[in-house]
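A.B. asks: Have a look at this one.
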Amino acid sequence: MNEELEEPPRQSDGKDEMNLAEFPLSAIADRLDPEQKTMVFEDRVWDRNRGEMVPRQLLITAADAYGLPTARDDEVILGLVQLSRLQGFSSRTVTFTRYQLIQLLGWRPEGKSYERIEKSLNRWMGVTLYYQNAWWDRKNECWVDEKFHLLDNVTLVDRERRAAQRAGQTELFQSTFSWNEVVFRSFSAGNLKSLDFDFYKRLDSPVAKRLYRFLDKRFFHRTLWEFHLQELCWAHVGLARSYDTANLKRKLRPAIAELESKGFLTPLTDEVRFRRVSCGEWRVAFERSRPHSADKRTTDVAANENLRQALVQRGVTPSTSSDLVREFPSEKIEQQLEVLDWLVARKDPRVERNPPGYLVSAIRGEYVAPREFKSRQQVADAAARAKAAEDRRQAQLEKERQREEGRLAARRDAASSFWASLSDEERSHLEHEALASAGLFEQRLLREGGSLAEATRQKILEDFALRSLEATAWD
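Here's what the structure looks like:
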């Protein structure tokens, strides 16, 4: 059978090795400085066995001839994990064809893809990983040091694709690769997690792919996580340590938007997503969204059509509108639509000449909304926060009012009990004493009579009773 006619296998039930999902194995870019031969990723984690925070580090070194692995090379390794899964993780040595791997990765079956596979495997053979207290030993339940190559050896059968097509016997022309013993031991110990590999392949951004693998591992435990922004970006996504907070957030936002638009993350506002803890310290929050249903997909189609119509109504051509809706997250398009309407209403010079052109450029680029612009969501969030604050204030006032009423009722009850405990003669004597000891202002109010005089009299007697009770308590 001709290989090009075969349907690629579904990989929604793929697998990921837990250690390989924790730290990046490659740079986030597809091209690196050829002079760079090492990468370091490090963080601190709670070690339940030691009962303390411990540092972890992964040092990656590369051979001079092939250099450090790139984002594409990381995909190849994950593809090899899927090949092992298809063979039940039964052996360190896995048979395969380059065509099979290309098909599994979703690449085009062309010469460049074959060359890329070979170059990637050559590169991985020259890469050494030094895990310092950062490789989880599933069998012994502890962090350990490990130093190894991911692959021990690779055998590529020359012209395998052409030979297989001629003979019609693909199995006779298969290549092999062998995992390092450390990696295969982790496979055998079950240090694996489920991975929707089809979803992974649909992601466009290398940052989104890296973030997806890391968060998918964490979401097994709970659906809401918050991380130190710099540690997440530097140690687990692989962004450059030269990036400051603003640049880290700028790099994360498109990847987060992609994961939101494709149903993996729950959309959050910037104020909720990024939280400033102290000067120079930020935290970033992620919440896993619920799985999409058929109804949700139908809703998405309708929402996309509404977006396309909104773009057309603002002067964007129908074909360009369709391209934008297909290529970019709906949240980004909606925000830029709001920004455009806001700028047009203010007769801003940036949009006076060509509003549709500005809108397309804003969506395709990384235009930052004007500082004074507030989206409908931001306005709604601010109103919700203000209402919540007012509700809390009113609740506190009501709580204080009830507390004061309780205090006054307790005073009245105590005073009533005091006077009720006296004989008529004692009560008459002490009432006279209490009223005689009143101040000049109170004496004047008593002489004037009326309801105010009665209230003053009750207050004088109540205070006298409470003072008498306090004096008795100290005797």
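When you line the sequence shown up against our numbering, it's residues 96 to 570, in that order. Quick reminder that beta carbons are idealized off the backbone N, C-alpha and C, glycines included.
Compare the C-alpha of Ser-289 against each of Phe-279, Arg-498, Glu-422, Phe-309 and name the closest.
C.D. replies: Phe-309
A.B. asks: Beta-carbon separation of Trp-274 and Asp-247 under 8 Å?
C.D. replies: Less than 8 Å divides the Cβ of Trp-274 from the Cβ of Asp-247.
A.B. asks: Just curious, the beta strand (DSSP E) that Lys-427 is in, first and last residue?
C.D. replies: No beta strand (DSSP E) contains Lys-427, which is instead part of the alpha helix (DSSP H) from 425-440.
A.B. asks: Taking only the alpha-carbon atoms, compute the straight-line gap between Arg-507 and Ala-490 and give it to the nearest angstrom.
C.D. replies: 26 Å
A.B. asks: What span of residues does the alpha helix (DSSP H) with Gly-452 cover, start to end?
C.D. replies: 450-459
A.B. asks: Buried or exposed for Ala-509, please, with buried defined as at least 16 other CB atoms from any protein chain shown within 10 angstroms of its CB.
C.D. replies: Here Ala-509 is exposed: its Cβ has fewer than 16 other Cβ atoms, across all protein chains shown, within 10 Å.
A.B. asks: Counting only the same chain and skipping the five closest in sequence on each side, list residues whose C-beta sits under 6 Å from that of Ser-388.
C.D. replies: Note that Ser-388 scores a pLDDT of 44, beneath 50, so its modelled location is shaky; the value from the coordinates is reported in the next line. Cβ within range, chain order: n/a, list empty.
A.B. asks: Would the segment 120-137 count as touching the segment 145-155 if we require 3 or more Cβ pairs under 8 Å?
C.D. replies: Short answer: they touch.
A.B. asks: Do you know offhand how far Ala-284's Cα is from Met-113's?
C.D. replies: 11 Å
A.B. asks: In chain order, what residues of the same chain lie with their CB nearer than 6 Å to the CB of Arg-84, ignoring the 5 residues before and after it?
C.D. replies: Outside the displayed span of the chain (96 to 570) sits residue 84, for which this structure offers no information.
A.B. asks: Please classify Leu-131: does DSSP put it in a helix, a strand, or coil?
C.D. replies: Sequence inspection shows Gln at residue 131; the Leu mentioned does not correspond to that position. In the structure shown, Gln-131 sits in coil (DSSP, three-state: anything other than H, G, I, E or B).
A.B. asks: Are at least three pairs of beta-carbons, each pair with one atom in the segment 552-567 and one in the segment 527-536, less than 8 Å apart?
C.D. replies: yes
A.B. asks: On a Cα-Cα basis, can you pick out the residue from Asn-286, Glu-170, Asp-311, Ser-215 that is closest to Thr-184?
C.D. replies: What sits at residue 184 in the sequence shown is Phe, not Thr. Ranking the options by Cα distance to Phe-184, first place goes to Asn-286.
A.B. asks: Could you check the C-alpha separation between Ala-122 and Leu-438 for me, to the nearest Å?
C.D. replies: A straight-line Cα-Cα distance of about 39 Å links Ala-122 and Leu-438.
A.B. asks: Taking 8 Å as the cut-off, decide whether the C-beta atoms of Ser-425 and Leu-402 are in contact.
C.D. replies: yes
A.B. asks: Rounded C-beta distance between Gln-431 and Ser-470? I'm assuming under 8 Å.
C.D. replies: So it is not a contact: roughly 10 Å between Cβ atoms.
A.B. asks: For the candidate residues Phe-272, Asn-228, Gly-206, whose alpha-carbon lies nearest to that of Leu-175?
C.D. replies: Phe-272
A.B. asks: On a Cα-Cα basis, can you pick out the residue from Glu-400, Arg-385, Ala-515, Asn-144 that is closest to Asn-235?
C.D. replies: Nearest neighbour of Asn-235 by Cα position, chosen from Glu-400, Arg-385, Ala-515, Asn-144, turns out to be Asn-144.
A.B. asks: Okay, do the segment 445-453 and the segment 328-347 touch, 3+ Cβ pairs below 8 Å being the bar?
C.D. replies: no
A.B. asks: Which residue or residues does DSSP assign as beta-bridge partners of Cys-237?
C.D. replies: Asp-232
A.B. asks: With burial defined as no fewer than 16 other Cβ atoms inside 10 Å of the residue's Cβ, what is the status of Gly-460: buried or exposed?
C.D. replies: Its Cβ having fewer than 16 others within 10 Å, Gly-460 is exposed.
A.B. asks: Could you say which of Glu-422, Asp-418, Ile-458, Thr-412 lies nearest to Val-434 if we only look at CA atoms?
C.D. replies: Closest option to Val-434, Cα to Cα, is Ile-458.
A.B. asks: Could you pull out every residue in the same chain whose Cβ sits closer than 6 Å to the Cβ of Lys-391, ignoring the five residues on either side in sequence?
C.D. replies: The pLDDT assigned to Lys-391 is 47, lower than 50, so where the model puts this residue is not dependable; a value taken from the coordinates is nonetheless given after this. Result list for Lys-391: empty, nothing under 6 Å.
A.B. asks: Could I get the ranges of all uninterrupted beta strand (DSSP E) runs contained in the segment 155-191, with 3 residues as the minimum, in chain order?
C.D. replies: 188-191
A.B. asks: Give the secondary structure of Pro-349 by DSSP, where H, G and I count as helix, E and B as strand, and everything else as coil.
C.D. replies: helix
A.B. asks: Are Trp-377 and Thr-412 touching if we call contact CB-CB under 8 Å?
C.D. replies: Cβ atoms of Trp-377 and Thr-412: not closer than 8 Å.
A.B. asks: Quick one, are the C-beta atoms of Ala-572 and Gly-221 less than 8 Å apart?
C.D. replies: As displayed, the chain neither begins before 96 nor continues past 570, which places residue 572 out of reach and without an answer.
A.B. asks: Count the other C-beta atoms from every protein chain shown that fall within 10 angstroms of the C-beta of Phe-118, then say buried if there are 16 or more, exposed otherwise.
C.D. replies: buried
A.B. asks: Assign Leu-319 to one of two classes, buried (16 or more other C-beta atoms within 10 Å of its C-beta) or exposed (fewer than that).
C.D. replies: exposed
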